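Let me begin by presenting the structure, written as structure tokens, before commenting on it.
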Amino acid sequence: MKGRLRPLLLDTLLFLLSVAAALAVAECSLPLVKNRSLDEAVYQARRPVIQAQYGAFHPVLGFTLQNNLRGVRQFYPGQLDYTVDTNSQGFRGPEWDLSPRRKNVLILGDSFAFGWGVAWGETMGQVLERELRKSDPAWQVINLAMPGWSIREVVAALELYRDVLKPVAVIYVFCPNDIDGMTPPLPDGTYDLSYHPPPGAGKIFADLVRRNQPEYRSLKKWLYRSYLKAFHARFIRPLLSRRIRTSMRVDAPPAGFDFPPPLETADTPDGPETRFLRYGLQRLRTAAGGAELILTTTSDKSIVYKADRPENLRWVLKDFSLKTPGARFVDFEEFVRRSPDGRKFYLDFDDHWSSAGHAAAAGMILPALRSESR
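The number in the working numbering is simply the position in the sequence shown, starting from 1, with 687 added.
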């Protein structure tokens, strides 16, 4: 028996070593293929995620960034290169001027509104501030956005800071994943949007930050960032799943355009997502008080590369603004779909707005703010 077992063990070991060697060769060779889909998948796994590397636990908002960061560089070769400063509250930008003469505009949202991928001066808020101050130096545009936030944190941030900042206008940059993690309605039809930290939440978050530092090493992290995993996600899994193939499909745009055209109008079917979103929007409208609530959409590339549909949640924002006093809707997605060069409003591998996208969004929102100032 021993005589038979030893060759079997050796054969098994040789087989495993051969598989490991083949995988190592594949991992080293795949970057040389220069396949865009593959490189994009690796980028999504390896790009720096600022809230994971420089986040700070917050008992009400879940997390912000660490206070008083200076010149934190977010870099990925050929794709990202920008720096981030934070104030004493952990938000991007300088300290807030709380003098009563200020006319404050608040920017709310996730990484799009935060200005992921662009310099501070290129963000929508700073473009707006420069234009508004040409007529009145009292304007101040404050960035209260945070990568990774949902509408729950957006509502909480406005409710937490509204009495301190006393805004004259509130801009909410809606992203479709803002409704992720929605909860079932309460018996009265409302929703609990509050953050309920689990025991040891601060320690759990600190451990997440530790594991996202560049010097942290683990097999799990290596596999997550590997070309082999990206190849499996972009080429193997779609072969095995019709659902994944459908989700990756893009619809052909008209000649001379980058994206399919927008619908003229639509009624979003009623469902759990739309009811949850409407409740969140109403909470924002209430929290804004006497300030104008301006709603716009991010409409990342995963959406605009597909044909426009009634299920698109931007129709909920539009309908809400039409039926709610003190609310307006600016349809950034319609603008992008109608633009022959719509692709320029986004970063390359990244779904986020480019500096051109921020400038375009600011240009669309500016008239609403100017009318509000009269």
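We put the beta carbon where it would ideally sit given N, CA and C, even for glycine. Quick caveat, the model's predicted, so the values are computed rather than measured.
Endpoints, the beta strand (DSSP E) within which residue i is located
i	result
residue 870	It is not in any beta strand (DSSP E) - residue 870 carries neither H nor E in the DSSP assignment.
residue 979	979-984
residue 806	No beta strand (DSSP E) holds residue 806; DSSP gives it neither H nor E.
residue 826	826-830
residue 750	749-752
7 Å Cβ shell around residue i - same chain, five flanking residues per side excluded
i	result
residue 932	925
residue 749	840, 882
residue 769	761, 804, 805, 806
Among the options, nearest to residue i - alpha-carbon criterion
i	options	result
residue 775	754, 793, 766, 703	754
residue 771	993, 1014, 833	833
residue 1038	836, 991, 694, 1000	991
residue 747	704, 885, 875, 783	885
residue 887	740, 745, 741, 723	745
residue 999	1044, 950, 980	950
residue 802	749, 1045, 963	1045
residue 1026	862, 1013, 946	946
residue 866	968, 710, 917	968
residue 723	1042, 1040, 1054, 1036	1036
residue 993	768, 878, 937, 734	937
residue 879	980, 738, 1023, 964	964
Span of the alpha helix (DSSP H), counted from its first residue to its last, around residue i
i	result
residue 681	What is shown of the chain runs 688 to 1061, which leaves residue 681 out entirely.
residue 841	838-852
residue 726	723-733
residue 857	Where residue 857 is concerned, there is no enclosing alpha helix (DSSP H), although the beta strand (DSSP E) it sits in stretches over 856-861.
residue 1005	1001-1010
Residue i classed as buried or exposed, judged by whether at least 16 other C-beta atoms fall within 10 angstroms
i	result
residue 1002	buried
residue 1019	buried
residue 1033	buried
residue 741	buried
residue 829	buried
residue 854	buried
residue 868	exposed
residue 858	buried
residue 798	buried
Close beta carbons around residue i, own chain, < 6 Å, minus the five adjacent residues each side
i	result
residue 792	828, 856
Spatial neighbours of residue i in its chain, beta-carbon cut-off 8 Å, leaving aside the 5 residues before and after
i	result
residue 714	913, 914, 915
residue 784	827
* Asked: Are at least three pairs of beta-carbons, each pair with one atom in the region 907-915 and one in the region 769-779, less than 8 Å apart?
  -> The region 907-915, when compared against the region 769-779, does not touch it at the 8 Å Cβ threshold.
* To do: Decide if the region 841-853 is in contact with the region 956-974; the criterion is three or more beta carbon pairs, one per stretch, under 8 Å apart.
  => Yes: at least three Cβ pairs fall under 8 Å.
* Asked: Do the region 977-988 and the region 956-963 touch if we need at least three Cβ pairs shorter than 8 Å?
  -> A contact between stretches requires three or more CB pairs, one per stretch, nearer than 8 Å, and the region 977-988 fails this requirement with the region 956-963.
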